[in-house]
Each structure stands twice: as C-alpha cells, then as structure tokens.
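Q:
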Amino acid sequence: MTIDCKHIRNFCIIAHIDHGKSTLADRLIEATGTVQKRELKEQMLDDMELERQRGITIKARAVRMEYECQGETYELNLIDTPGHVDFHYEVSRSLMCCEGALLLVDAFQGVEAQTVANAFAAMDARLTILPVINKIDLKHARVDEVTAEMEHTLAIDPGEVLKVSAKAGLGVRELLDAIVQRVPAPTGDPEATLQAMVFDSHYDDYRGAIIYVRLMNGKVEKGDKIRLISTATTHEVLELGQFVPHQRPCDSLQAGQVGYLICNIKSLDLVNVGDTVTIPGDRGAAALSGFKIPKRMVYCGLYPSDGQDFEELRDALEKLHINDPSFEFEPETSEALGFGFRCGFLGLLHMEIVQQRLEQESDVDLVQTAPNVTYEVLTREGRLMEIHRPQEVPDSGAIEEFRQPIVRVSLIMPSESIGTVMKLCNDRRGVQQSIEHLSPTRAMLVYDLPLAEVIYDLHDKLKSATRGYGTMDYDLIGYSPADLVRMDILVNGNRVDALSIICDRRDADRRGRAIVKKLKSEIERHMFEVAVQAAIGSRIIARETVPAMRKNVTAKCYGGDITRKRKLWAKQREGKKRMKSIGQVDIPQKAFLAVLETGDEKA
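Position 459 of the sequence shown, counted from 1, bears residue number 462 in this note's numbering, the numbering being contiguous throughout.
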C-alpha cells in the first residue's frame with residue numbers, strides 16, 4: 004500500500020532519565036489503538052530483561068502507529084530513546100531518522116542536565132522541537148516554574164509548551180494532534196533511487212541479522228537486491244516490515260517510512276550502524292553521513308572465571324558487539340588471570356550493563372578488573388601513545404608528558420547545595436567555568452574536571468550532597484597535562500599486573516595505603532608471611548603484612564632447657580623461609596573489586 008509522504012510523521016522522545024519517556028510511549032500506543040488492551044503492559048518498548056529489571060531504557064526502539072486527525076489517517080513512527088548520559092550515542096542515531104522531537108520535562112524536577120544536552124543535540128540535528136511537561140497530575144507539580152526554566156535555559160516559547168500526564172493519560176490526544184500539525188512531513192522522493200539509513204540491528208538465531216532502517220528516498224520490495232555501502236556486499240530482501248511494536252511483515256517500504264529488512268545475512272560484521280542501504284551497481288545512491296563513532300572512555304579487563312570458557316566469552320562478546328557497536332574488545336593476557344579481553348565502554352553504567360548482559364544472555368561467569376580511563380603519553384622521542392591500561396605506561400624516565408582526559412560537566416542542583424557541590428568539584432581538582440541561576444531555587448554549575456574523577460563516584464557523591472536532586476551531564480573537551488603516576492601492587496614481592504592503577508601523584512600515598520590495607524583483609528592467611536606492597540617505580544609507598552598461620556612447635560616442651568625451644572623455633576623459621584620462596588599466593592576475585600572500591604574513596 005502506497006502512502007503519501009505528507010501523511011507520515013517521524014519523531015522521537017528525548018528527556019532526562021526517569022522523566023517518563025517509556026510511559027508516554029505506552030500512552031501513545033494505547034491512544035492510537037496500536038496494541039489491543041489485553042496485550043498492553045507497562046514499558047511496552049523496554050523488552051530487554053535488563054531494562055525491565057532496572058526500569059531504564061538501554062536500547063533505542065521503534066514503533067509505527069496510525070492516528071486519524073481532521074478526517075485523514077497519518078502514519079506516526081516513534082523512536083524511543085534512552086536517557087542516561089552513557090547511552091547518548093543511541094539518542095544521536097535516533098535523531099538522524101526523525102523530523103521532530105518531543106522534549107519531555109518532569110513537572111516537579113524541571114530542566115535537568117541531560118534535558119539540556121539532548122535539547123541541544125536535537126537543535127544541532129535541525130529537528131522541530133515540541134516542548135512537553137509531563138506528570139502535571141503530581142501534587143507537587145511546578146508547571147509554571149518549569150515552563151519559566153525551559154524558556155530561560157532553552158529559549159522555548161511558553162505558548163508552545165504542551166502539558167500531559169503520561170500515567171493518567173491526560174493531554175495525550177492534544178499531543179498527538181500537535182505532532183501531526185507541528186512536526187514536518189519527510190521530504191524524501193519515493194520514485195528516486197533507494198537510499199536508507201541503518202539506525203540499529205539485532206541478531207536472530209534463526210533468521211540472521213535483522214536491519215532497522217529509515218528510508219530517505221526510493222522504495223524497497225520483497226525480493227529486491229540491496230547493497231550495503233560500507234561493506235560493499237549485496238543481499239536479497241527475503242522479508243521486510245514495520246514494528247507495531249512487534250515485527251509485522253508488509254510488501255514494500257517507501258521514502259519516509261521506518262521498518263526492518265531481513266536478508267539472510269549470516270555474519271553480523273556485514274551490518275554497520277550508520278551505514279547506507281541502496282541498490283547494486285553504478286546507479287546506487289550516495290552514502291548518507293552516518294553517525295559519529297562513539298569514543299570509548301572507560302576500559303577494563305574481562306576474564307572468564309574458568310579459563311576453559313575463553314572461546315565462549317569471545318563468541319558472546321562478538322554477538323553483543325554487533326547489537327551495541329559502541330563497545331570494543333581485544334584479546335589480552337594477564338599473569339594473574341590468564342587469557343581474557345580488554346574492553347572499551349562509554350561510561351561506568353554502560354560497562355555494568357554489558358557485563359550483566361554477557362552473564363545473563365551467555366551464561367559466562369566473569370572476573371572484571373578495576374576500570375580506568377584512556378590517557379595519552381608523549382615520550383621523549385616525540386611519540387604520542389594512547390594508554391588503555393596501566394601496564395602500557397612506559398618507565399617514568401621515558402615520559403615527556405602524561406595527559407589525562409578533561410570533561411566539561413554541567414551540574415544542576417537546588418540553590419542551597421551550591422557550596423557543597425563546589426567543594427566536591429574543587430576536591431577533585433575541578434576548574435569552575437560558570438554558574439547560572441535557572442530559577443530562584445535551582446542553579447547550574449559548569450566545571451572542567453578530569454574524567455577519571457567523574458566516572459567513578461562523582462554521580463553518587465552529587466546525589467548524596469544534594470539529597471537526590473542533583474543531576475549531571477558531561478562532554479569530553481580534550482586532554483590536559485597532569486602529574487600522573489602508575490602505582491603497582493606487589494604481593495609476596497611479585498607485581499600483580501591486574502591490580503595496577505594510574506592516579507595523581509598527590510593521591511598516590513593515600514590510595515596505596517587504602518588498597519594494601521583492604522587487600523590484607525581479603526587475602527587469606529598462608530603457611531608463610533605474605534607482604535602486600537604499593538610501589539611507584541622502585542619506591543615502596545605502603546606495606547601491610549598478612550601474618551602466617553603458626554603451629555605451636557614448642558607445645559610438647561614442658562619446662563626444661565630454653566635452648567631446645569630455640570632450636571625448634573629456628574627450624575620453623577627456616578621452613579617458613581623456604582616455603583615463602585617457592586609458595587604461591589592465591590588472590591580471590593573479591594580482592595580485585597576491593598581495589599576499585601577503596602581506590603576511589605575520598606579521604
């Protein structure tokens with residue numbers, strides 16, 4: 004069935020985490036009758052088990068709805084997006100496929116850090132923005148104040164703001180009418196050469212790669228041959244369809260529509276998100292400007308707890324990587340942990356999600372090393388090195404300059420918390436850039452901070468300092484020289500590579516003492532004394548000793564000459580010394596996690 008482009012509307016919902024995107028998507032699906040009432044459930048589009056457990060959106064999803072307005076039927080394509088800062092790349096993909104965006108703001112919490120970031124991203128993509136205030140039925144709703152905040156922070160006309168309650172279903176019809184009237188129709192030409200953008204993909208064990216596309220120009224039908232430009236491969240379309248919200252096959256898709264293609268693609272490596280789909284041969288359309296490759300900022304090692312599972316872990320990572328191209332991995336070995344992979348992520352939540360998905364979906368038990376950010380080292384020979392793990396840091400004599408990533412952090416908080424948050428940032432060597440009052444009760448602070456200080460615990464500390472009302476968003480601005488050192492942990496005189504960390508020289512003593520103290524309590528006692536040390540180069544900065552298990556060898560000596568006892572003690576000491584030189588120390592997995600916890604506490 005052919006549809007006129009002027010009857011299509013493509014839009015997404017962007018908002019800060021927890022402002023009600025998924026609930027509003029449910030109400031829109033319900034109001035348009037896309038899903039029958041008996042099939043409706045909360046968070047329809049969050050179908051990943053992890054999303055439902057955590058109550059957050061992790062993957063972008065699409066759904067097609069039909070809505071009648073002024074006697075005409077319109078096709079509405081909604082793309083639901085995540086709100087957390089780590090998943091901003093999912094938002095950027097969705098924006099490329101839409102003409103409009105619903106900017107959702109909580110009627111009580113108001114404009115938050117991620118609201119500002121997503122709004123600017125939508126403005127950069129030249130989308131039409133529909134400002135929407137959600138949760139207007141709350142007893143503590145501050146609709147007028149939040150409208151004023153939106154006007155002040157984002158230059159939004161108060162007359163354009165729509166008011167809804169996604170939970171109660173208030174204002175949903177008016178919102179659908181506004182989408183039809185205010186979001187522009189797609190401009191593609193159904194008669195032109197096929198040109199479509201891949202905005203997501205997932206792997207089905209029975210059908211191969213399923214490609215999610217938004218058609219910019221032309222049309223595609225079942226049985227057509229298509230070409231993926233970046234991999235230069237040609238495939239036959241075996242099935243195509245739309246999401247309602249489950250896959251529903253149809254005969255053709257045309258310019259302006261959003262849907263999926265199944266082409267019996269067995270290898271997921273052939274599908275790149277941001278790629279362009281066109282026809283084979285010389286008459287194919289030009290490639291669309293795809294998405295920016297997301298920059299991985301946090302790295303950690305993932306190892307199977309049972310060394311036999313190495314191949315299973317590789318397969319699981321490869322499978323997950325194609326659904327989520329924002330994380331990367333490469334094989335590495337560790338003396339302490341054996342064979343594993345070095346993985347790069349966008350942030351700590353992203354790392355946690357990938358680890359949980361691997362354990363749940365692939366049933367592999369993982370050991371994870373302490374995460375670290377990417378550093379740059381300029382050597383004395385003038386070579387610039389990217390450092391993804393502490394073991395790669397050259398000797399201090401070979402380093403000309405050690406650089407750390409700096410991010411610009413926007414923090415929004417109640418006005419009475421400004422002093423506490425400023426102290427929090429100053430303690431982490433932050434440089435204040437600006438302060439702005441969004442309303443009489445709320446303010447926005449902008450700081451430049453080292454990324455290492457931000458990713459570990461700044462979010463948790465901010466929540467504590469502002470009683471849960473503070474929010475933050477950050478953006479990488481570049482690398483800056485810093486006085487950094489590699490701190491090694493030695494157990495029984497041997498360096499444990501998986502426990503090494505990079506930290507500021509001024510923090511090294513405190514962190515070293517905290518780590519060895521924690522390790523002392525985690526490492527079990529052996530038959531010999533175990534020394535746990537923290538060192539920078541050859542200089543030991545902290546030491547704790549795990550005492551040996553002792554046997555009372557003089558228990559059978561009642562009274563008598565003391566020399567007999569001394570001989571037995573000397574013999575015991577000799578035995579312990581011999582045992583120490585050949586003995587192996589077992590380091591439990593808890594000890595690796597202890598380094599992460601202790602190393603990042605602020606004294």
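Where is the CB? At the ideal position from N, CA and C, for every residue including glycine.
1. Pick helix, strand or coil for Arg431, following the three-state DSSP scheme.
2. Taking 8 Å as the threshold, find out whether the segment 443 to 457 comes into contact with the segment 400 to 416 through three or more Cβ pairs.
3. Count the other CB atoms, across all protein chains shown, that sit within 10 Å of the CB of Gln257; report buried if there are 16 or more and exposed otherwise.
4. Can you grab the Cα-Cα spacing for the pair Val164 / Asn137, in whole Å?
5. Our contact map puts Ile182 next to Arg12 with C-beta atoms below 8 Å; I'd like the distance itself, whole angstroms only.
6. Going along the chain, which residues of its own chain have a beta-carbon closer than 6 Å to the beta-carbon of Glu404, five neighbours each way excluded?
7. Could you spell out where the beta strand (DSSP E) holding Val412 opens and where it closes?
8. Is Leu320 closer than 9 Å to Glu364 when the C-beta atoms are compared?
9. Thinking Met99 and Ala128 are a contact (beta carbons under 8 Å), I'd like their distance in whole angstroms, please.
10. Would you kindly report the start and end of the unbroken alpha helix (DSSP H) that includes Ala104?
11. For the segment 463 to 475 against the segment 411 to 420, are there 3 or more C-beta pairs whose distance is under 8 Å?
12. Take Gln46 and list the residues in its own chain whose beta-carbon comes closer than 6 Å to its own, dropping the five residues that flank it on each side.
13. Helix, strand or coil for Gln359? Go by DSSP, reduced to three states.
14. Roughly how far, in whole angstroms, is the beta-carbon of Asn121 from the beta-carbon of Ala18, given that I think they are within contact range, below 8 Å?
15. So does the segment 192 to 200 actually touch the segment 479 to 499, counting three or more Cβ pairs closer than 8 Å?
16. Which one of Gly473, His238, Glu239, Gly540 has the shortest CA to CA distance from Ile20?
17. Can the beta-carbon of Asn275 be found less than 9 Å from the beta-carbon of Val201?
18. Please state whether DSSP places Gly540 in a helix, a strand or coil.
19. I need the DSSP call for Pro248, collapsed to helix, strand or coil.
20. Do you know how far the Cα of Ala501 is from the Cα of Leu241?
21. Using the beta-carbon count (16 or more within 10 Å), is Cys15 buried or exposed?
22. Mapping DSSP to helix, strand and coil, what is Cys8?
23. Could you give the distance in angstroms between the alpha-carbon of Met530 and the alpha-carbon of Ala517?
24. In whole angstroms, give me the CA-to-CA distance for Glu333 and Gly400.
25. Pull up the DSSP beta-bridge partners for Ser437, would you.
26. With contact counted as at least three CB pairs below 8 Å, one residue from each stretch, are the segment 485 to 492 and the segment 526 to 540 in contact?
27. Could you tell me the alpha carbon to alpha carbon distance between Leu461 and Leu369, rounded to whole angstroms?
28. Could you compute how far the alpha carbon of Met126 sits from the alpha carbon of Leu157?
29. Would Lys605 be called buried (16 or more neighbouring beta carbons within 10 Å of its own) or exposed?
30. Thinking just about the alpha-carbon of each residue, which of Gln184, Ile232, Lys269 is nearest to the one in Tyr2?
31. Going along the chain, which unbroken runs of the beta strand (DSSP E) with 3 or more residues stay wholly within the segment 189 to 273?
32. Tell me the residue span of the beta strand (DSSP E) that contains Glu333.
33. Going by DSSP in three states, Ser483 sits in which element: helix, strand or coil?
34. Kindly indicate which three-state DSSP category Lys170 falls into: helix, strand or coil?
35. Under the three-state reduction of DSSP, which class applies to Gly422: helix, strand or coil?
36. Residue range of the beta strand (DSSP E) that Ile1 falls in?
A: Let me lay it out:
1. coil
2. yes
3. buried
4. 11 Å
5. The distance from the Cβ of Ile182 to that of Arg12 is about 6 Å, consistent with a contact at the 8 Å cut-off.
6. Leu381, Pro484
7. 402 to 417
8. no
9. 7 Å
10. From DSSP, Ala104 is part of no alpha helix (DSSP H) but of the beta strand (DSSP E) over 103 to 109.
11. yes
12. Confidence at Gln46 is low in this model, with a pLDDT of 48, below 50, so its placement is unreliable and the value that follows should be read with caution. Here the set comprises Ser25.
13. In this structure, Gln359 counts as helix in the three-state DSSP scheme.
14. 7 Å
15. no
16. Comparing alpha-carbon positions, the option among Gly473, His238, Glu239, Gly540 lying closest to Ile20 turns out to be Gly473.
17. yes
18. coil
19. coil
20. 48 Å
21. buried
22. helix
23. Rounded to whole angstroms, Met530 to Ala517 spans 25 Å at the Cα level.
24. 29 Å
25. Val449
26. yes
27. 26 Å
28. 10 Å
29. Its pLDDT being 42, under 50, Lys605 is placed unreliably by the model, and the measurement read from it follows with that caveat. Under this definition Lys605 is an exposed residue.
30. Residue coverage of the chain in this structure runs from 4 to 606, which leaves residue 2 outside it and unanswerable.
31. 198 to 207, 211 to 220, 222 to 224, 228 to 231, 236 to 239, 242 to 246, 250 to 253, 255 to 257, 261 to 265
32. 331 to 337
33. strand
34. coil
35. helix
36. Residue coverage of the chain in this structure runs from 4 to 606, which leaves residue 1 outside it and unanswerable.
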